[in-house]
């Protein structure tokens, strides 16, 4: 079992390894099913971290009950997310202009769609930079689709079909809130952070 602070450090090390060193502060968002982890750090390590009670599964179960969801359901999701992100800002500075890195399946799937990949390709996705405008457009597209249409996307994992709309809303709303004009997609996570630790003899 890894303690919260250690988990944040390892997650940050793994995800941020997608970027060249020495570029200043980095904000990592790990959008999971039930929660979203925010970790702000730099070359010296983690500055602050916070876990928000919002994720792709949780948002879908709370609000997005129709297929496709109604405009009212989407607006309720966004309001929920804005409240959570505002609260998170008391724990993690979100107005630093830090480079923004996204990790986990929501971000990598949105990146795969943005890249127009014929199949899910981690090597092509890792390190790709997706503009905020693309994230917004893809989110709207996913929210207008039926389940069958989402399932037909060549990059869509079967386990993500039902929750990708909620996850994309988390990503889009977070980017709007912090003023990020782009997100760098990372295929690296806490396991890669552990591997980096071992390699450095930490």
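Residue numbers (the numbering used here): 48 to 249.
Beta carbons are placed, not taken as given, at the ideal position from N, Cα and C, and that holds for glycine.
Terminal residues of the beta strand (DSSP E) in which residue i lies
{"i": "residue 93", "result": "92-99"}
{"i": "residue 75", "result": "73-78"}
{"i": "residue 231", "result": "229-233"}
Spatial neighbours of residue i in its chain, beta-carbon cut-off 6 angstroms, leaving aside the 5 residues before and after
{"i": "residue 143", "result": "72"}
{"i": "residue 158", "result": "172, 175, 177, 232"}
{"i": "residue 229", "result": "176, 178"}
{"i": "residue 243", "result": "With a pLDDT of only 49 at residue 243, under the threshold of 50, the placement of this residue in the model should not be trusted; the figure read from the coordinates follows. Counting only Cβ-Cβ distances below 6 angstroms, and skipping sequence neighbours, we find 60."}
{"i": "residue 210", "result": "103, 104, 107"}
{"i": "residue 183", "result": "219"}
Residue from the options whose Cα sits closest to the Cα of residue i
{"i": "residue 109", "options": "126, 98, 59, 94", "result": "126"}
{"i": "residue 135", "options": "87, 164, 155, 61", "result": "87"}
{"i": "residue 118", "options": "89, 187, 154, 62", "result": "187"}
{"i": "residue 80", "options": "124, 152, 203, 63", "result": "152"}
{"i": "residue 192", "options": "113, 229, 55, 226", "result": "113"}
{"i": "residue 58", "options": "67, 96, 70", "result": "96"}
{"i": "residue 169", "options": "195, 137, 203", "result": "203"}
{"i": "residue 218", "options": "148, 67, 90, 195", "result": "148"}
{"i": "residue 74", "options": "141, 67, 133, 91", "result": "141"}
Residue interval of the alpha helix (DSSP H) (run including residue i)
{"i": "residue 182", "result": "179-191"}
{"i": "residue 260", "result": "With the chain represented from 48 up to 249, any question about residue 260 goes unanswered, as that position is not in the structure."}
{"i": "residue 198", "result": "194-198"}
{"i": "residue 116", "result": "Element bounds for residue 116: n/a, residue is neither H nor E."}
{"i": "residue 106", "result": "103-109"}
{"i": "residue 170", "result": "169-172"}
As assigned by DSSP and simplified to three states, the class of residue i
{"i": "residue 162", "result": "helix"}
{"i": "residue 122", "result": "helix"}
{"i": "residue 214", "result": "helix"}
{"i": "residue 149", "result": "strand"}
{"i": "residue 139", "result": "coil"}
{"i": "residue 154", "result": "helix"}
Sub-7 angstroms separation of residue i and residue j beta-carbons
{"i": "residue 120", "j": "residue 128", "result": "no"}
{"i": "residue 216", "j": "residue 124", "result": "yes"}
{"i": "residue 224", "j": "residue 64", "result": "no"}
{"i": "residue 145", "j": "residue 93", "result": "no"}
{"i": "residue 62", "j": "residue 150", "result": "yes"}
{"i": "residue 154", "j": "residue 131", "result": "no"}
{"i": "residue 164", "j": "residue 76", "result": "no"}
{"i": "residue 78", "j": "residue 214", "result": "yes"}
Neighbourhood of residue i by C-beta distance below 7 angstroms, restricted to the same chain and skipping five residues each side
{"i": "residue 161", "result": "177, 181, 185"}
{"i": "residue 29", "result": "No answer is possible for residue 29: it lies beyond the span of the chain, which begins at 48 and ends at 249."}
{"i": "residue 98", "result": "82, 84"}
Own chain, CB closer than 8 angstroms to residue i, minus 5 neighbours either side, in chain order
{"i": "residue 198", "result": "205, 208"}
{"i": "residue 200", "result": "160"}
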